[in-house]
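Student: Take a look at this one; I'll ask things after.
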Amino acid sequence: MHLMLPGLGPMGCTPVILTLFASTNKSDYDSFGCLKKYNTISSYHSLLLSQAVTQLSDKYSKARIIFADYNGPVIAALQSPEIFGFNNGATLKVCCGGGGPYNFNLSAVCGQPGVISCENPSEYINWDGIHLTEAAYNAIASGWLKGPFANPPILGPL
């Protein structure tokens, strides 16, 4: 049996959270511009899930139970966007949105009349404020398949 359990991404870096819970206090943000308290919650969830996966793997040694890290690859893309082909100036902005500091507006979401998408989605991490772009998911999947963002990597030895 093979089972993969994904953790959470850095919720404090999602344009929807950044827009809905914007703060005037600069100390609420990390060096990437993400809201720290939301990232703390998602990191803690992923830590506990990773520990549970390890316990399950030990208990059910004939099963291949994999923890897939969402947080690590997104943070890596924020740290070094150019390595992944992302636009350094648009790491927290959405490709398809309706304005505002993150190009995210609940009154003008992707798919509604008048809302347009960017010319090159592969340069963006975030598609619509909630979902990532195909390019971002590709980078995450690569890290899960080959490592280092899955334990063990999906394509690793059985």
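In UniProt numbering, the protein residues as written are 1 to 158. Ideal Cβ placement from N, Cα and C applies to all residues, glycine included.
#1: I need the boundaries of the beta strand (DSSP E) containing Pro6, first residue and last residue.
#2: When the distance is taken between beta carbons, is Glu123 closer than 9 Å to Ala76?
#3: Taking 9 Å as the cut-off, decide whether the C-beta atoms of Asp69 and Pro152 are in contact.
#4: Along the chain, where does the beta strand (DSSP E) containing Ile65 start, and where does it finish?
#5: Between the region 6 to 17 and the region 26 to 37, are three or more C-beta pairs nearer than 8 Å?
#6: Where do the ends of the alpha helix (DSSP H) carrying residue 164 lie?
#7: Using three-state DSSP, classify Leu132 as helix, strand or coil.
#8: With burial defined as no fewer than 16 other Cβ atoms inside 10 Å of the residue's Cβ, what is the status of Tyr102: buried or exposed?
Tutor: Taking the structure as given:
#1: His2 to Pro6
#2: no
#3: no
#4: Arg64 to Ala68
#5: yes
#6: Nothing about residue 164 can be reported from this structure: the residues present for the chain run from 1 to 158 only.
#7: strand
#8: buried
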